[in-house]
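Student: Just passing along the structure, written as structure tokens.
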Amino acid sequence: MTDQQRIDFEARGYLVININNDALAQLQTAFDQSRDHLDDLPNQDDAFISLAEHPNIFPIAHTIISDEIQLRSLTGFIRPPDSAGRGWHQEVAGLLGVHHALSTLCIQVFIHLDDAPKNGACLMAVPGSHRFKSYLPMPDITHIQDMPHAVKLPAQAGTVTILHGNLYQAHTRNQSNTSQRFLNLTYVQCWMRHALPKLSPHTVERIRESVNLCQLFAVRDLSSAPGYWSGQLENYPEATGLPNRQFSPLKVVGKGTEPNR
Amino acid sequence: MTPQQAKNTYDTQGYVNIPNALAGDELQRVQSAFQKAQESKNLRNLLNQDDCFIDLVDHPAYLPIVRAIVGDDIQLRYINGGLVKPQSDSGSGWHCDLSQLKGVYLPEAIIMTKLFVYLEPVPENGACLACVPGSHRYEMGHPLPDINTHEDMPHHVKMIAQPGDAVLMNGYTWHARFHNNSDTPRRVIESSYIHAWMKTQFEFDDLSTRVQEQILSSHNRRQLFGVPEPGQTDWQRRLEDSPPYQPVEVGI
Chain A
328 MTDQQRIDFE
338 ARGYLVININ
348 NDALAQLQTA
358 FDQSRDHLDD
368 LPNQDDAFIS
378 LAEHPNIFPI
388 AHTIISDEIQ
398 LRSLTGFIRP
408 PDSAGRGWHQ
418 EVAGLLGVHH
428 ALSTLCIQVF
438 IHLDDAPKNG
448 ACLMAVPGSH
458 RFKSYLPMPD
468 ITHIQDMPHA
478 VKLPAQAGTV
488 TILHGNLYQA
498 HTRNQSNTSQ
508 RFLNLTYVQC
518 WMRHALPKLS
528 PHTVERIRES
538 VNLCQLFAVR
548 DLSSAPGYWS
558 GQLENYPEAT
568 GLPNRQFSPL
578 KVVGKGTEPN
588 R
Chain B
23 MTPQQAKNTY
33 DTQGYVNIPN
43 ALAGDELQRV
53 QSAFQKAQES
63 KNLRNLLNQD
73 DCFIDLVDHP
83 AYLPIVRAIV
93 GDDIQLRYIN
103 GGLVKPQSDS
113 GSGWHCDLSQ
123 LKGVYLPEAI
133 IMTKLFVYLE
143 PVPENGACLA
153 CVPGSHRYEM
163 GHPLPDINTH
173 EDMPHHVKMI
183 AQPGDAVLMN
193 GYTWHARFHN
203 NSDTPRRVIE
213 SSYIHAWMKT
223 QFEFDDLSTR
233 VQEQILSSHN
243 RRQLFGVPEP
253 GQTDWQRRLE
263 DSPPYQPVEV
273 GI
């Protein structure tokens with residue numbers, strides 16, 4: 328993640344990047360072969376397992392969420408002509424106990440597998456709204472397009488949009504004559520529950536080949552206390568998540584029987 | 023003390039004392055069950071040892087308080103027994119359970135709260151839990167003082183307890199367990215309460231059929247023990263007599 332990307336994400340609550348044509352073609356093929364099982368993608372094609380650690384996407388997700396990153400869900404969906412969108416909402420609004428305006432529990436990654444026509448389905452967001460406090464009410468509007476300060480996000484095949492979980496977001500109706508395919512990955516902290524499908528033995532075997540995939544797909548033993556709050560990734564620089572925070576240099580003091588640490 | 027009064031104390035101090043949470047025959051029964059679990063080395067597997075430990079998870083003396091503090095999406099993370107031997111340097115040092123937690127702005131969060139239910143008297147020199155009042159509001163990264171002994175921590179308060187007393191403590195509060203310099207062991211039941219959207223630290227499948235049946239028969243217990251509810255995501259779970267989660271969505 329570049330400094331500019333970090334600044335953009337911190338300021339706006341979203342980031343737009345791209346995957347290359349080869350990766351796009353592979354995902355389009357895998358998607359089409361899994362059309363009847365879009366809620367079960369990890370078990371359908373190994374391409375979806377690798378997607379969790381995609382070299383263009385994952386380093387950014389890791390920097391935003393931290394070393395404790397985990398996948399919550401990985402699904403596909405199709406927006407046929409005239410399909411409804413979804414009104415303005417905040418993905419994490421139902422999670423109690425957290426001051427979401429200053430926290431980062433979750434990010435959503437949308438991968439567009441088709442170009443969106445001018446009147447096609449697309450994402451909209453209110454830049455900076457990920458810092459809105461929870462008591463700020465949504466405006467009482469009738470149409471998605473009525474939201475003040477909202478922007479339409481780019482939607483070409485290969486576009487990847489990363490949204491902060493607290494961002495005001497909406498999906499517009501597909502008023503075009505063509506269908507659009509999307510992939511949606513949601514990353515959360517590893518001590519949160521996931522909503523992945525039950526993984527097949529083949530999928531688990533494939534995941535177990537990588538320490539990082541084991542953490543991302545929650546294929547690990549969390550019964551031990553030290554492992555509950557923490558994660559450990561290989562081959563990535565340490566990430567404490569965004570926004571950047573200080574952590575106390577001493578973790579335990581005053582025990583009297585050993586040096587403070 | 024009403025749940026709201028307890029919550030007010032907890033919100034300002036980072037902990038709240040709940041005197042006489044257990045008493046009389048019930049306390050004796052729990053003490054006896056604890057002793058058996060201790061003898062069979064099952065203090066980390068309490069739920070399978072005796073039904074009284076299941077009843078402790080949603081005990082009316084404190085669950086309304088825990089609920090007022092954590093919220094209607096409350097869930098158990100674990101319940102364990104703890105034993106500290108007499109005359110032992112077994113203190114834990116001053117720390118904050120959540121100090122290294124990523125992703126959450128902790129001074130304004132209730133991510134995890136711990137409940138300690140004491141089964142023996144805890145004198146001042148007897149492996150006391152101690153807290154620094156208000157430290158759950160410290161800015162993240164606020165440094166722990168580099169002190170040598172437990173007693174050196176400024177402003178700390180010791181939780182001297184009688185059998186049956188309970189303490190509820192925010193996981194972000196600075197706390198320590200002092201060494202046990204007394205001649206009696208400290209026996210405590212420690213529970214951790216979190217939100218339904220977090221992982222439990224036990225597997226439901228590891229519980230006996232008998233325990234599972236007691237849990238499955240009640241909506242609130244299913245939520246408390248992390249049993250998935252068909253047709254509902256973990257982000258939407260709420261206790262039975264609370265308003266169901268209604269997502270806010272505007273515009274078509």
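Protein sequences, first through last, are from chains A and B. Quick note on numbering: the first sequence equals residues 328 to 588 in the working numbering. Quick note on numbering: the second sequence equals residues 23 to 274 in the working numbering. Note that CB positions come from ideal geometry on N, CA and C, so glycine has one too.
Counting only runs of 4+ residues fully inside the segment 73-154 of chain B, write out the alpha helix (DSSP H) ranges in chain order.
Tutor: Qualifying alpha helix (DSSP H) stretches, in chain order: 73-79 and 85-92.
Student: Three or more C-beta pairs closer than 8 Å, one from the segment 232-239 of chain B and one from the segment 485-499 of chain A: is that the case here?
Tutor: Touching, no.
Student: Flag this pair as yes or no: are the beta carbons of residue 575 of chain A and residue 121 of chain B separated by less than 7 Å?
Tutor: By 1-based counting over the first sequence, the position of residue 575 of chain A is 248. By 1-based counting over the second sequence, the position of residue 121 of chain B is 99. Cβ distance < 7 Å, so residue 575 of chain A and residue 121 of chain B count as in contact.
Student: Let's test the definition: count the other Cβ atoms within 10 Å of the Cβ of residue 573 of chain A and tell me whether it reaches 16, buried, or not, exposed.
Tutor: Residue numbering aside, residue 573 of chain A sits at position 246 when the first sequence is read from its first letter. Label assigned to residue 573 of chain A: exposed.
Student: Quick one: Cα of residue 96 of chain B to Cα of residue 218 of chain B, how far?
Tutor: For the purposes of this step, residue 96 of chain B is taken as the residue at position 74 of the second sequence. For the purposes of this step, residue 218 of chain B is taken as the residue at position 196 of the second sequence. So the alpha carbons of these two residues sit roughly 6 Å apart.
Student: What are the boundary residues of the alpha helix (DSSP H) that residue 46 of chain B is part of?
Tutor: Counting from 1 along the second sequence, the entry for residue 46 of chain B is found at position 24. Element bounds for residue 46 of chain B: 46-61.
Student: Taking the alpha-carbon positions, what's the residue 200 of chain B to residue 512 of chain A distance?
Tutor: Mapped onto the second sequence, residue 200 of chain B falls at position 178. Mapped onto the first sequence, residue 512 of chain A falls at position 185. Near 46 Å, if we compare the C-alpha coordinates of residue 512 of chain A and residue 200 of chain B.
Student: Nearest to residue 116 of chain B by CA position, among B:88, B:157, B:98 and B:141, is which residue?
Tutor: Within the second sequence, the letter at position 94 stands for residue 116 of chain B. That would be B:157, whose Cα lies nearest to the Cα of residue 116 of chain B.
Student: Taking the alpha helix (DSSP H) that residue 358 of chain A falls in, what are its first and last residues?
Tutor: What you label residue 358 of chain A is simply residue 31 of the first sequence in a count that begins at 1. Run containing residue 358 of chain A: 348-360, per the alpha helix (DSSP H) assignment.
Student: Can residue 266 of chain B and residue 260 of chain B be called in contact, C-beta distance under 7 Å?
Tutor: Along the second sequence, read from residue 1 onward, the residue named residue 266 of chain B stands at position 244. Along the second sequence, read from residue 1 onward, the residue named residue 260 of chain B stands at position 238. Going by C-beta atoms, residue 266 of chain B is nearer than 7 Å to residue 260 of chain B.
Student: Would you list, in chain order, the members of the segment 27-40 of chain B that have their beta-carbon closer than 7 Å to a beta-carbon of chain A?
Tutor: Taking 7 Å as the Cβ-Cβ cut-off against chain A, none of the residues of the segment 27-40 of chain B qualify.
Student: So residue 132 of chain B contacts chain A; which residues on that side make the cut at Cβ distance below 7 Å?
Tutor: Here residue 132 of chain B refers to the residue found at position 110 when the second sequence is read from its first residue. Simply 424.
Student: Give me, in chain order, the residues of the same chain whose beta-carbon lies closer than 8 Å to that of residue 413 of chain A; leave out the 5 immediate sequence neighbours on both sides.
Tutor: What you label residue 413 of chain A is simply residue 86 of the first sequence in a count that begins at 1. Around residue 413 of chain A: 497 and 498.
Student: How long is the line joining the alpha carbons of residue 50 of chain B and residue 377 of chain A, rounded to whole angstroms?
Tutor: Walking along the second sequence from the start, residue 50 of chain B turns up at place 28. Walking along the first sequence from the start, residue 377 of chain A turns up at place 50. Roughly 56 Å between the two C-alpha positions.
Student: Let me see if you follow: with CB-CB separation under 7 Å, is residue 490 of chain A close to chain B or not?
Tutor: Against the first sequence, residue 490 of chain A aligns to sequence position 163. By this cut-off, residue 490 of chain A is not an interface position.
Student: Provide the residue span of the alpha helix (DSSP H) that contains residue 377 of chain A, from first to last.
Tutor: By one-based count along the first sequence, residue 377 of chain A stands at place 50. From DSSP, the alpha helix (DSSP H) with residue 377 of chain A extends over 373-378.
Student: Quick one: which chain B residues come within Cβ less than 8 Å of residue 578 of chain A?
Tutor: Residue mapping note: residue 578 of chain A aligns to position 251 of the first sequence, counting from 1. Near residue 578 of chain A (Cβ distances below 8 Å), the residues of chain B are 117, 121, 122 and 166.
Student: Evaluate contact between the segment 523-531 of chain A and the segment 393-409 of chain A, counting only Cβ atoms and requiring at least three cross-stretch pairs below 8 Å.
Tutor: Yes, they touch.
Student: Spatial neighbours of residue 80 of chain B within its chain, please: CB distance less than 8 Å, with the 5 preceding and 5 following residues excluded, ordered by chain position.
Tutor: Mapped onto the second sequence, residue 80 of chain B falls at position 58. Around residue 80 of chain B: 242, 243 and 246.
Student: For the ligand MG, is there a heavy atom less than 6 Å away from the beta-carbon of residue 578 of chain A?
Tutor: The ligand MG is absent from the structure shown, which contains no ligands of any kind.
Student: Quick one: what does DSSP say residue 507 of chain A is sitting in, helix, strand or coil?
Tutor: In the first sequence, counting from the first residue as 1, residue 507 of chain A sits at position 180. Three-state DSSP puts residue 507 of chain A in a strand.
Student: For a contact defined as C-beta to C-beta under 7 Å, what are the partners of residue 198 of chain B on chain A?
Tutor: On the second sequence, residue 198 of chain B is found 176 positions in, with the first residue counted as 1. What residue 198 of chain B touches in chain A: 581.
Student: Using a Cβ-Cβ cut-off of 6 Å (strictly less than) and excluding sequence neighbours within five positions of residue 488 of chain A, which residues of its own chain qualify?
Tutor: Within the first sequence, numbered from 1, the residue matching residue 488 of chain A stands at position 161. Closer than 6 Å at Cβ, skipping near neighbours: 343, 437, 450 and 480.
Student: Between residue 41 of chain B and the rest of its own chain, which residues show a CB-CB distance below 6 Å, the 5 nearest in sequence each way excluded?
Tutor: Taking the second sequence and counting its residues from 1, the one referred to as residue 41 of chain B is at position 19. Hits under 6 Å: 187.
Student: Taking 7 Å as the cut-off, decide whether the C-beta atoms of residue 393 of chain A and residue 29 of chain B are in contact.
Tutor: Counted from its first residue, the first sequence places residue 393 of chain A at position 66. Counted from its first residue, the second sequence places residue 29 of chain B at position 7. For residue 393 of chain A and residue 29 of chain B, no; Cβs fall outside 7 Å.
Student: Taking 8 Å as the threshold, find out whether the segment 525-542 of chain A comes into contact with the segment 103-110 of chain B through three or more Cβ pairs.
Tutor: Counting Cβ pairs under 8 Å, fewer than three are found: no touch.
Student: Under 8 Å Cβ to Cβ from residue 90 of chain B, same chain only, skipping five residues before and after it: list those, please.
Tutor: Position 68 of the second sequence, counting from 1, holds the residue named residue 90 of chain B. Hits under 8 Å: 25, 26, 28 and 29.
Student: May I ask which residues mark the beginning and end of the beta strand (DSSP E) holding residue 192 of chain B?
Tutor: Numbered from its first residue, the second sequence carries residue 192 of chain B at position 170. Segment 188-192, the beta strand (DSSP E) holding residue 192 of chain B.
Student: Quick one: is residue 393 of chain A near chain B, going by C-beta distance under 7 Å?
Tutor: Taking the first sequence and counting its residues from 1, one reaches residue 393 of chain A at position 66. For residue 393 of chain A, the answer is yes, since a Cβ of chain B falls inside 7 Å of its Cβ.
Student: Identify every residue that forms a DSSP beta bridge with residue 491 of chain A.
Tutor: Indexing the first sequence from 1 puts residue 491 of chain A at position 164. Partner(s): A:434.
Student: Short check: CB of residue 202 of chain B to CB of residue 149 of chain B, under 7 Å?
Tutor: Here residue 202 of chain B corresponds to residue number 180 of the second sequence, with the count starting at 1. Here residue 149 of chain B corresponds to residue number 127 of the second sequence, with the count starting at 1. Their beta carbons are under 7 Å apart, which means residue 202 of chain B touches residue 149 of chain B by this criterion.
Student: Can you say whether residue 238 of chain B is buried or exposed, counting buried as having 16 or more other CB atoms within 10 angstroms of its CB?
Tutor: Position 216 of the second sequence, counting from 1, holds the residue named residue 238 of chain B. Residue 238 of chain B comes out exposed.
Student: Consider the Cβ of residue 217 of chain B: report whether some Cβ of chain A lies at a distance smaller than 7 Å.
Tutor: Residue numbering aside, residue 217 of chain B sits at position 195 when the second sequence is read from its first letter. Chain A, which has a Cβ nearer than 7 Å to the Cβ of residue 217 of chain B, makes this yes.
Student: Counting pairs of beta carbons, one from the segment 137-152 of chain B and one from the segment 176-190 of chain B, are three or more of them closer than 8 Å?
Tutor: Flag = yes, the segment 137-152 of chain B and the segment 176-190 of chain B touch.
Student: Which of the three DSSP states is assigned to residue 29 of chain B in this structure?
Tutor: Position 7 of the second sequence, counting from 1, holds the residue named residue 29 of chain B. Residue 29 of chain B: helix per DSSP, three-state reduction.
Student: Span of the alpha helix (DSSP H) holding residue 388 of chain A?
Tutor: Numbered from 1 along the first sequence, position 61 holds the residue referred to as residue 388 of chain A. Segment 385-392, the alpha helix (DSSP H) holding residue 388 of chain A.
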